[in-house]
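To start, the structure under review is shown below, and the notes come after it.
If you want it as structure tokens, here you go:
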């Protein structure tokens, strides 16, 4: 405002163009930053889904291989029959039950994994899957470790306990139970990757 005697003149200054540009662009910045984050989280969710299916297949294969491990030697008498089966050992029974539970859980978890693909910023499904995946990883590792101990004894025996190796006689049986143990460790490794991906995604929420 300028004064000259008793008269006053008002000069209005229009807003600067740079301010208008800044004000116009400011709301667009969060959206542009959210797009890469959403794409990254959706990619993690897709890998989670793929690893989850692979772990389910490995766990199901381990349970099926162990559950069908049964071999009878061709020579037997009227009173003695030499047979090896998974249900002769409680450890192998636990292995079959545990791997079947893990495979069933992974199947039921697929819809939640799909939900994280559709909604990459959802926290609750990831938290639930992270907790249950950790339990599944613990169960899978316990089943694989206990099965591996019995497989080792079947292959090598234990001289101190006077346990003889049986794999020379029951070759097919040992081959199946060994394959089941390997499949369980593959499933445990894949579930470990799933847990790691969930933790990484939650860290960037």
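Numbering (the working numbering), first residue to last: -6 to 198.
In this text, a Cβ means the ideal position worked out from N, Cα and C, and glycines have one as well.
Fair warning: this is a prediction, and the values are worked out from it, not measured in the lab.
query	result
Proximity test, Cβ basis, 8 angstroms: residue 64 and chain D	The chain labelled as chain D is not found in the depicted structure, where only one protein chain is given.
Where residue 86 falls: helix, strand or coil (DSSP)	helix
Buried versus exposed, by CB contacts within 10 Å (16 or more), residue 160	buried
Validate contact between the stretch 84 to 103 and the stretch 147 to 159 using beta carbons, cut 8 angstroms, 3 pairs	no
Any non-hydrogen atom of the ligand GTP within 7 angstroms of residue 133 CB	No copy of the ligand GTP occurs in the structure displayed, which carries no ligand at all.
Stretch pair the stretch 76 to 90 + the stretch 105 to 120: three plus CB contacts closer than 8 angstroms	no
Alpha-carbon to alpha-carbon, residue 90 and residue 62	14 angstroms
Alpha helix (DSSP H) segment containing residue 116, residue limits	No alpha helix (DSSP H) contains residue 116, which DSSP labels as neither H nor E.
Distance, residue 128 Cα to residue 157 Cα	35 angstroms
Inter-stretch contact (C-beta, 8 angstroms, three-pair minimum) for the stretch 163 to 170 and the stretch 107 to 115	no
Reduced DSSP secondary structure (H/G/I, E/B, other) of residue 149	helix
Beta-carbon contacts of residue 193 that lie in its chain and below 7 angstroms, excluding the five residues immediately before and after	37
Where residue 52 falls, given that 16 or more other Cβ within 10 Å makes a residue buried	buried
For residue 32 and residue 60, the rounded distance between their alpha carbons	42 angstroms
Residue 171 (DSSP reduced to helix, strand or coil)	helix
Distance CB(residue 108)-CB(residue 137) smaller than 8 angstroms	no
Beta-carbon spacing of residue 172, residue 58 below 8 angstroms	yes
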